[in-house]
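Residue 47 in the working numbering sits at position 47 of the sequence shown; the count goes up by one each step and never skips. Idealized CB from N, CA, C, for every residue including glycine. Values in this document were obtained by computation on a predicted structure and should not be read as measured data. Below is one structure, written out as C-alpha cells, with a few remarks after it.
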Amino acid sequence: EDIANLMGLEAVCTLMLGRRMGFLDKSGQQPERIRQLASAVKQLFISQRDSCYGLGLWKYLPTKTYTEFVRAEEIIYE
Numbered sequence: 001e002d003i004a005n006l007m008g009l010e011a012v013c014t015l016m017l018g019r020r021m022g023f024l025d026k027s028g029q030q031p032e033r034i035r036q037l038a039s040a041v042k043q044l045f046i047s048q049r050d051s052c053y054g055l056g057l058w059k060y061l062p063t064k065t066y067t068e069f070v071r072a073e074e075i076i077y078e
C-alpha cells in the first residue's frame, strides 16, 4: 500500500510540477521533507474522507479531523 501511495504521489508531482520528487528513490533513504510531504498528503485524503462521511461537526467546532486536515495542508503548502 505504501509503495502504491508513493507511486501515485510521484506520478502526480511529475505531471503537475514537471519534475521528479524522489518518492521512489531506490536507496529507500528519502529526505525528511519528502517523508513529511507523503505523510501529509495521505493524512489530507483521510481527513477529507472522514469529514465528508462523518457528522460534520468540524463546521462548528475544531474537531480532531479538522485540526489534522489543517496541519496536513500547512505541511503541503510550506
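Run the CB neighbour count on residue i, radius 10 Å, all protein chains shown included, and call it buried at 16 or more, exposed below.
i	result
Val41	buried
Leu6	buried
Ala57	The sequence given here places Leu at residue 57; Ala does not occur at that position. When all chains shown are included, Leu57 counts as exposed.
Thr67	exposed
Going by DSSP, what residue range makes up the alpha helix (DSSP H) through residue i?
i	result
Lys42	Glu32 to Tyr53
Asp2	Asp2 to Leu17
Thr65	Lys64 to Tyr77
Nearest by alpha-carbon distance to residue i: which of the options is it?
i	options	result
Glu1	Ala38, Arg33, Phe69 and Thr63	Ala38
Closer than 8 angstroms is the cut-off here; do at least three beta carbon pairs connect the stretch 45–59 with the stretch 12–20? no
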